[in-house]
Amino acid sequence: MIRKNFFFFLLLFGLLSVSCGDDSEPAVSLSQDNFANISYEENTLKVSIQTSLEWTATSLVNWCRVSQSKGTGDAVLELSLEPNIDTERSGVVKIWTKEQIREINIRQEGIPDGQEFTYRLPVIFHVLYSDAEDRNQYIDQGRLLKVLDRVNTYYDGITRYNGGDKGVDMNLEFVPAETDETGNALLTPGVEYVKMDAMPLDCEAFMGDSRYVKLLWDPNRYINVMLYNFAEVDGGGSVILGISHLPLSTTGTTYLEGLPATQYAYLTKENLSYPKCLSINSLYVYEETGSDGKYNGFDVNVTLAHELGHYLGLHHAFDEDENSGLSTDCIDSDYCEDTPSYNRIAYMMNLRALLQETAQQGTSLSMAEAVKRENCKTGQIFSSYNLMDYEISYADRLTNDQRNRIRHVLTYSPLTPGPKKGKANTRSVIEGKLDLPMVIVK
243 MIRKNFFFFL LLFGLLSVSC GDDSEPAVSL SQDNFANISY EENTLKVSIQ TSLEWTATSL
303 VNWCRVSQSK GTGDAVLELS LEPNIDTERS GVVKIWTKEQ IREINIRQEG IPDGQEFTYR
363 LPVIFHVLYS DAEDRNQYID QGRLLKVLDR VNTYYDGITR YNGGDKGVDM NLEFVPAETD
423 ETGNALLTPG VEYVKMDAMP LDCEAFMGDS RYVKLLWDPN RYINVMLYNF AEVDGGGSVI
483 LGISHLPLST TGTTYLEGLP ATQYAYLTKE NLSYPKCLSI NSLYVYEETG SDGKYNGFDV
543 NVTLAHELGH YLGLHHAFDE DENSGLSTDC IDSDYCEDTP SYNRIAYMMN LRALLQETAQ
603 QGTSLSMAEA VKRENCKTGQ IFSSYNLMDY EISYADRLTN DQRNRIRHVL TYSPLTPGPK
663 KGKANTRSVI EGKLDLPMVI VK
């Protein structure tokens with residue numbers, strides 16, 4: 243009987259202990275652990291954490307970023323959600339302590355059917371300089387923001403010149419970055435200044451040099467524009483105004499013809515062995531076409547718009563071979579049917595002949611005559627208005643097919659800012675540098 247009572251009291255004590263344990267305070271309390279029907283648009287959710295313990299916050303999906311990955315004690319955690327241009331999706335953020343694991347569940351709606359997303363692409367100008375007193379090196383923020391505003395008019399389909407097909411609105415905006423990678427507000431939005439040991443720099447060598455990856459801000463969140471004095475090429479006989487990497491395109495059904503292919507739908511800066519960016523020659527940053535519309539072949543507004551086109555998947559509008567060399571085979575090398583292809587070699591020969599003729603006559607070549615090309619497929623004469631052309635061109639607009647390429651890149655290409663379709667839902671990151679293809683265009 244005593245033995246029975248002993249076990250009875252043990253059992254009773256155990257039940258009481260469990261009951262008391264259930265009534266005790268949890269190791270971590272959250273102000274909210276479930277978010278449903280969140281809009282497809284960019285969102286910031288706030289969760290108050292109450293605890294006396296050390297904790298770690300981890301997002302299990304790559305479209306949700308936590309404002310703080312570690313802490314001790316109470317805190318307010320911000321969850322930044324990318325816009326969702328795909329169907330409805332769910333994700334989890336976990337809060338870990340040594341005593342308890344809590345989950346925050348998120349369900350975000352997809353973009354409504356038939357609605358197109360307007361991309362806002364943060365741009366960070368990395369101004370590389372060795373002499374802060376040299377205005378061609380240490381470029382004023384105001385000048386760069388003015389250039390970016392002008393570039394936006396081109397991508398909005400607003401044209402400077404009459405004639406030709408109407409400009410096409412890309413439904414995107416390049417915006418100055420407001421914060422750095424860790425969320426700190428920038429003193430000079432859109433611009434950071436980086437002291438270098440020497441200037442000028444060889445732009446082609448720069449674009450392939452792994453040492454400069456450290457200059458990049460997360461390419462999944464920013465367009466990195468490097469500004470520096472370019473070293474002379476061909477003994478000063480020619481000038482490079484800008485240079486860019488082409489974007490990567492994922493293999494399979496979403497591959498975009500003409501771009502370097504990768505099997506990876508999600509990549510990070512740590513996977514890069516080259517500084518994926520575009521570079522602008524800061525020696526010409528004050529050059530632009532005047533209000534009179536007189537042609538200026540060094541116009542930095544056109545240069546930046548052109549290089550951004552490359553960065554977002556566009557090729558030159560003239561006939562090129564697979565190595566970006568000039569071709570006479572009349573290839574549709576930009577994969578856009580609405581940009582007539584022409585033989586640039588023949589155009590340059592004809593242009594030189596016209597310039598010699600007008601010089602002998604003591605006259606000048608008109609802009610209207612200089613922009614004429616011959617469609618190498620149809621023989622039809624047309625005037626050049628395309629931003630992705632070279633030489634003498636009105637260079638103030640893009641086409642519908644070019645729009646389709648740009649929006650495909652923004653929708654699917656890794657290491658390009660903006661929300662993506664078909665991106666791996668989980669935050670599975672491949673560590674270390676990868677042998678990713680690199681294509682540089684000017």
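Heads up: the sequence shown is residues 243 to 684, going by our numbering.
Here a beta-carbon is modelled for each residue, glycine too, at the ideal position from N, C-alpha and C.
Here's a check: name, in chain order, each residue in its chain whose Cβ is nearer than 6 Å to the Cβ of residue i, leaving out the five neighbours to either side.
i, result
"Glu-549", "Gly-484, Ser-486 and Leu-520"
"Ile-348", "Phe-277 and Gly-333"
"Arg-385", "none"
"Glu-345", "Val-334 and Lys-336"
"Leu-652", "Tyr-361 and Gly-660"
"Phe-560", "Tyr-584 and Arg-586"
"Glu-446", "none"
"Tyr-371", "Gln-379 and Tyr-380"
"Asn-285", "Leu-323"
"Tyr-553", "Ser-486 and Leu-520"
"Thr-531", "Asn-538 and Asp-541"
"Ser-290", "Ser-273 and Val-318"
DSSP has residue i in a bridge; who is on the other side?
i, result
"Cys-306", "Leu-323"
"Trp-338", "Thr-298 and Ile-343"
"Gln-292", "Ser-271"
"Val-318", "Ser-290"
"Ala-503", "Ser-491"
"Pro-364", "Val-417"
"Gln-350", "Ile-280 and Arg-331"
"Gly-484", "Ile-522"
"Lys-312", "Thr-298"
"Glu-375", "The partner list for Glu-375 (beta bridge, DSSP) is empty, contrary to what the question assumes."
From residue i to residue j, what distance separates their C-alpha atoms?
i, j, result
"Lys-511", "Phe-624", "43 Å"
"Asp-580", "Asp-574", "10 Å"
"Pro-582", "Thr-570", "14 Å"
"Gly-494", "Val-671", "20 Å"
"Ser-683", "Leu-414", "The question names Ser, yet the displayed sequence has Val at residue 683. The straight-line gap from Cα to Cα measures roughly 23 Å."
"Val-308", "Met-609", "54 Å"
"Asp-677", "Pro-489", "15 Å"
"Glu-330", "Ala-269", "32 Å"
"Asp-328", "Tyr-497", "18 Å"
"Gly-315", "Val-365", "36 Å"
"Ala-317", "Pro-656", "33 Å"
"Asn-523", "Thr-424", "28 Å"
"Trp-459", "Leu-295", "33 Å"
"Arg-463", "Ala-419", "9 Å"
"Thr-605", "Asp-563", "36 Å"
"Gln-292", "Asn-426", "25 Å"
"Glu-358", "Leu-546", "25 Å"
"Gly-240", "His-650", "Nothing about residue 240 can be read from this structure; the chain reaches only from 243 to 684."
"Glu-616", "Phe-540", "24 Å"
"Glu-375", "Lys-456", "25 Å"
"Tyr-537", "Thr-401", "15 Å"
"Gly-551", "Gln-602", "38 Å"
"Pro-679", "Gln-310", "34 Å"
"Val-389", "Thr-492", "32 Å"
"Thr-658", "Val-475", "30 Å"
"Gly-477", "Gly-567", "21 Å"
"Tyr-627", "Val-527", "22 Å"
"Thr-339", "Trp-297", "5 Å"
"Ser-515", "Gly-621", "44 Å"
"Glu-611", "Leu-629", "18 Å"
"Thr-395", "Gly-313", "45 Å"
"Leu-428", "Ala-595", "52 Å"
Short of 8 Å in beta carbon distance, which residues of its chain neighbour residue i, apart from the five on each side in sequence? Order them along the chain.
i, result
"Cys-306", "Leu-321, Ser-322, Leu-323, Glu-324, Gly-333, Val-335 and Ile-348"
"Gly-263", "At Gly-263 the pLDDT is 46, less than 50, meaning the model places this residue with poor confidence; the figure from the coordinates comes in the next sentence. Around Gly-263: no qualifying Cβ."
"Leu-443", "Leu-370, Tyr-470, Asn-471, Phe-472 and Ala-473"
"Asn-279", "Arg-349 and Glu-351"
"Cys-572", "Asp-561, Ser-583, Asn-585, Cys-618 and Lys-619"
"Met-412", "Tyr-397, Asp-398, Gly-399, Leu-640, Arg-645, Ile-648 and Arg-649"
For residue i, tell me which candidate among the options has the shortest Cα-Cα distance.
i, options, result
"Asp-391", "His-368, Lys-288, Leu-607 and Val-544", "Val-544"
"Asn-513", "Ser-290, Gly-674 and Lys-312", "Gly-674"
"Met-591", "Asp-576, Tyr-553 and Glu-633", "Glu-633"
"Lys-518", "Ser-626, Ile-465, Leu-556 and Gly-479", "Ile-465"
"Val-681", "Lys-312, His-557 and Leu-629", "His-557"
"Glu-267", "Thr-395, Tyr-396, Val-410 and Gln-342", "Gln-342"
"Val-410", "Tyr-397, Ala-588, Val-417 and Tyr-589", "Tyr-397"
Spatial neighbours of residue i within its chain, please: C-beta separation below 7 Å, excluding the five flanking residues on both sides.
i, result
"Val-433", "Phe-367, Val-369, Gln-383 and Leu-386"
"Tyr-282", "Pro-325, Asn-326, Gln-350, Glu-351, Gly-352 and Ile-353"
"Thr-430", "Gln-383"
"Lys-614", "Ile-623 and Ser-625"
"Ile-664", "Ile is not the amino acid found at residue 664; the sequence shown has Gly there. Here the set comprises Thr-496, Ala-507 and Tyr-654."
State yes or no: is the beta carbon of residue i nearer than 7 Å to at least one beta carbon in chain C?
i, result
"Gly-500", "Any reference to chain C falls outside this structure, which holds one protein chain only."
**Message:** Using a Cβ distance threshold of 8 Å, determine whether the stretch 451 to 458 contacts the stretch 496 to 505, with at least three qualifying pairs required.
**Reply:** Contact fails between the stretch 451 to 458 and the stretch 496 to 505, because fewer than three Cβ pairs, one in each stretch, are under 8 Å apart.
**Prompt:** Using 8 Å as the threshold, is the stretch 391 to 406 in touch with the stretch 636 to 645, meaning 3 or more CB pairs across them?
**Reply:** Yes, the stretch 391 to 406 is in contact with the stretch 636 to 645.
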